[in-house]
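To start, the structure under review is shown below, and the notes come after it.
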Amino acid sequence: MTTVSASSWPPPRPRIRRAIAIPSSALSPLKEPARTLHAAFLARALAIFRVEEVLIYKEGGVPCKYLEKILTALEVPQYLRRYLVPLEETYRYLGLAPPLAVPSHQLRHEDLPFREGVVVRASRGVAEVDAGLDNLVVVEGSFSAGDRVTLKREGSRWVIADRDSLGVYWGYRVRSYGSLGEVLARSKGRYLIVFTSRRGEPLQRVADSLKRDAEAAGGLLLVYGTWDKGLQEIAEEEGLDLSAFSPYLVNVAVNQGTRTIRTEEAVLISLSLVNYLLP
11 MTTVSASSWP
21 PPRPRIRRAI
31 AIPSSALSPL
41 KEPARTLHAA
51 FLARALAIFR
61 VEEVLIYKEG
71 GVPCKYLEKI
81 LTALEVPQYL
91 RRYLVPLEET
101 YRYLGLAPPL
111 AVPSHQLRHE
121 DLPFREGVVV
131 RASRGVAEVD
141 AGLDNLVVVE
151 GSFSAGDRVT
161 LKREGSRWVI
171 ADRDSLGVYW
181 GYRVRSYGSL
191 GEVLARSKGR
201 YLIVFTSRRG
211 EPLQRVADSL
221 KRDAEAAGGL
231 LLVYGTWDKG
241 LQEIAEEEGL
251 DLSAFSPYLV
261 NVAVNQGTRT
271 IRTEEAVLIS
281 LSLVNYLLP
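Be aware that the sequence shown starts at 11, since it is given in our numbering, and climbs by one per residue.
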């Protein structure tokens, strides 16, 4: 296990925004508890490489709800799960998953000037927040019990903060869409879109132009198919022309030694390469 030094913690937000798009069917062949553990592997990869947005698109008739719920639950700090993660079958094996250990998942004794919390009581412009400390934190603002909030310490008190303005990598958000086409339409112009495929151009051949274009766009969206159905097949089923959204169709595992690569494995491989190109 590798531990970061105090000088590099907490990690900054990525200079180039990072997002991924994955199919709803990515984990559907698996049974529990394997499915939860594979979702945890995916969540750890997202956290390690500071992905801030996860877009799930409906594929193969599989609803997005499971993947959205389990990835969202894994992103919740453990001390807040009793408020935000209900007792239902979807989360039965959540306790087996390793913690993300991102800055928002602080332990009680840690002393960062930011914390995540949940409003436990609120009235007349004042809220009491459980932020995983010895005592509840009192903040000003109009909230409802159960609201999740980000706190920033100012002197001896805590105030409400915008997580996007912290300058620190704080975790990812999850959104679901009805199709691959919807994801691409909503992402074009916001990100440089990069499609991953074993039929694509080796990443090393396009690395320089991809880096240049990602920096110009200010954000990068990596798009994945499933272990048994490539992006071209999914696009064909939806009547999409991938080249209308991006010129980049890349292979991130040239000469792969396995017959197939699972979606969560492809995510880990490609994000490690992106982290090298765009630190």
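Idealized CB from N, CA, C, for every residue including glycine. Everything numeric in this text was worked out from a predicted model, so none of it was measured.
For the pair LYS198 and HIS119, the Cα-to-Cα distance works out to about 43 Å. Per the Cβ contact rule, the stretch 124-139 is in contact with the stretch 88-102 (3 or more Cβ pairs under 8 Å). Taking C-beta atoms under 8 Å as the contact rule, GLU63 and GLY181 fail to qualify, at a distance of about 11 Å.
Contact annotation: LYS221 and LEU288 have beta-carbon atoms nearer than 8 Å.
One Cα belongs to ALA111, the other to VAL139, and the distance between them is close to 21 Å.
Excluding residues up to 5 positions away in sequence, VAL128 lie with their Cβ nearer than 6 Å to the Cβ of ARG158 in the same chain. Burial of PRO20 is indicated by the presence of at least 16 other C-beta atoms within 10 angstroms of its C-beta. PHE205 has VAL233, LEU259 as its beta-bridge partners, per DSSP. Distance between ALA276 and ALA224, taken at the CA atoms: about 19 Å. With 16 or more other CB atoms across the displayed protein chains lying within 10 angstroms of its CB, LYS68 is buried.
In this structure, VAL193 sits away from SER256, with a CB-CB distance that is not shorter than 8 Å. Straight-line measurement puts the Cα of GLY249 at about 22 Å from the Cα of THR273. For SER133, the secondary structure class from DSSP, reduced to helix, strand or coil, is strand.
Between ASN261 and ALA31, the alpha-carbon positions lie close to 16 Å from each other. Residue burial annotation: TYR258 is buried, with at least 16 other C-beta atoms found within 10 angstroms of its C-beta.
With a threshold of 16 other beta carbon atoms within 10 Å, GLY142 meets it and is buried.
Between GLY151 and ILE170 the beta-carbon gap is near 5 Å, inside 8 Å, which marks them as a contact.
Under the three-state reduction of DSSP output, TYR182 falls in the coil class, being neither helix nor strand.
The shortest C-alpha to C-alpha distance from GLY105 to any of LYS79, LEU122, PRO73, ALA50 is the one to ALA50.
Remark: C-beta atoms of ALA245 and LEU252 approach each other more closely than 8 Å. In the three-state reduction of the DSSP assignment, GLU99 falls in the helix class. Considered as a whole, the stretch 68-131 harbours 75-85, 91-94 as its complete alpha helix (DSSP H) runs of no fewer than 4 residues, in chain order. Beta-bridge annotation (DSSP): THR160 is paired with GLU126, ALA171.
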